[in-house]
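So the protein sequences, as listed, match chains A and B. Here the first sequence stands for residues 1 to 144, numbered as in my numbering. Here the second sequence stands for residues 1 to 144, numbered as in my numbering. Note that CB positions come from ideal geometry on N, CA and C, so glycine has one too. Quick notes on the structure that follows.
Number of protein chains: 2
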Amino acid sequence: MSANSRLTIAAHALAWIGLYQRQGHEVATSEQIATSASTNPVVIRRLLGDLRRAGLVESRRGVGAGWSVTRDLESITLLDVYEAVEPGPLFAMHRAAPDPECVVGYGIQPAMQRIYDGIEETLRRELAHVTLEDVLRDVLAAPR
Amino acid sequence: MSANSRLTIAAHALAWIGLYQRQGHEVATSEQIATSASTNPVVIRRLLGDLRRAGLVESRRGVGAGWSVTRDLESITLLDVYEAVEPGPLFAMHRAAPDPECVVGYGIQPAMQRIYDGIEETLRRELAHVTLEDVLRDVLAAPR
DNA sequence: ACAGTCGTAACAGCTAATGTTGCGACAAGC
DNA sequence: GCTTGTCGCAACATTAGCTGTTACGACTGT
């Protein structure tokens, strides 16, 4: 399966901003977050752009600009983040439509789609259980 | 997320072989399955090769060669298929290791890994619920 | 020996994520 | 108003994985 780190990096960024604000700062820059996540500031801005579209963060421009979280970390779940940064479904159907003359080719897509829908629903429930506050707490509990 | 149809095609192939055998045939060829799934025989052979490594199918060579299912469809779950054809984890960590000097960079990976492990476990339980027999029954129940 | 099918390598094409550069837009501070 | 730091965004290169295709040797029933 595709090595997709979007959810990981987005959670990293949110936890970083949340902690930084908790330490008294107003906003965090994409540069700072990129350094912590070992990636490029543009990658961070793109991801945070998705999160802004979902209303989870906001950005300020000009000098002293940067990003801030709009809600309490307690109220943001990984499902919110997942839906903001992951566009497609977990599993895909056939690229080209299967042979409609074949019994299996005819019935396989609705059958699999029902299964996949159920699985995605379960995944969502699972992600909705975990808040960013949980993540940050767990991060800070790591032994040094 | 990557549009990955491996699980779909593998389930399609297994259901096809299972039904074909149920109709009295000994083996199915990759050519036949590829036609039903609208893809290339080599793609099918590659996927069935993974399934053979997992012991779910076997192949015969020479004239009159082809593929057959080794177990009752009732005893094969989508989890068996998933594990046979999907190598990696659902979600990936950072490409490059995050900054170990940063509190978040230091603790984020174990924290996310625990969450992802739990999610994959749930996914597995969900996939283990569905047998190929269920899939085939559902396929055949499709209205024409 | 022939014919049909698998097994596998090699390569091209496509898609998505990621990395990088560049530059205009914007706003705080001087 | 100028400078400065940061975002917004476009453009492009790179990488990785899956998919499609061709080719050819290996194998086996007839």
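Counterpart residues of residue i in DSSP-defined beta bridges
i                       : result
glycine 66 of chain A   : A:Arg60
alanine 28 of chain A   : A:Trp67
threonine 77 of chain B : B:Thr131
Chain A contact residues for residue i, given Cβ-Cβ distances below 9 Å
i                       : result
aspartate 50 of chain B : Simply none; closest approach about 14 Å.
valine 135 of chain B   : Ile108, Ala111, Met112 and Ile115
Within chain B, the residues that residue i reaches when beta carbons sit closer than 9 Å
i                      : result
threonine 8 of chain A : Phe91, Ala92, Met93, His94, Ile108, Gln109, Met112 and Tyr116
Buried versus exposed call for residue i [16 or more other C-beta atoms within 10 Å across all chains shown]
i                        : result
arginine 144 of chain A  : exposed
threonine 70 of chain A  : exposed
glycine 18 of chain A    : buried
arginine 22 of chain A   : exposed
aspartate 80 of chain A  : buried
serine 30 of chain B     : buried
glycine 107 of chain B   : buried
proline 98 of chain A    : buried
valine 63 of chain B     : exposed
alanine 141 of chain B   : exposed
valine 42 of chain A     : exposed
threonine 118 of chain A : The sequence shown places glycine at residue 118 of chain A, not threonine. Glycine 118 of chain A is exposed by the Cβ-count criterion.
glutamate 155 of chain A : The question about residue 155 of chain A has no answer, for chain A in this structure spans 1 to 144.
serine 75 of chain A     : exposed
alanine 11 of chain A    : buried
valine 6 of chain B      : One detail in the question is off: residue 6 of chain B reads as arginine in this sequence, not valine. It is buried - the Cβ of arginine 6 of chain B has at least 16 other Cβ atoms within 10 Å.
glycine 105 of chain A   : buried
alanine 15 of chain B    : buried
alanine 84 of chain B    : buried
alanine 96 of chain A    : exposed
alanine 65 of chain A    : exposed
Contacts of residue i in chain A (Cβ-Cβ under 8 Å)
i                         : result
isoleucine 119 of chain B : Leu123, Glu126 and Leu127
glycine 62 of chain B     : Neighbours of glycine 62 of chain B on chain A: none; closest Cβ ~26 Å, over 8 Å.
serine 5 of chain B       : Phe91, Ala92, Met93, His94 and Arg95
Beta-carbon neighbours of residue i, restricted to chain B and to distances below 7 Å
i                     : result
leucine 56 of chain A : Under the 7 Å cutoff, chain B gives no residues; its nearest Cβ is about 17 Å from leucine 56 of chain A.
Contact list for residue i against chain A, beta-carbon separation under 7 Å
i                     : result
valine 130 of chain B : Ile115
alanine 11 of chain B : Met112
Chain B residues whose Cβ lies nearer than 8 Å to that of residue i
i                      : result
leucine 47 of chain A  : The contacting residues do not exist; leucine 47 of chain A stays about 12 Å from chain B at best.
leucine 140 of chain A : Val103 and Gly107
Using a Cβ-Cβ cutoff of 9 Å, what residues of the region 85 to 100 of chain B are near chain A? List them in chain order. Glu86, Pro87, Gly88, Pro89, Leu90, Phe91, Ala92, Met93, His94, Arg95, Ala96, Ala97, Pro98 and Asp99
Looking at chain A, which residues of the region 16 to 45 of chain B have a Cβ within less than 8 Å of any of its Cβ atoms? Trp16, Leu19, Thr35, Ser36, Ala37, Ser38 and Thr39
If you scan the region 89 to 131 of chain B from start to end, which runs of the alpha helix (DSSP H) of 4 or more residues do you find wholly inside it? 103 to 128
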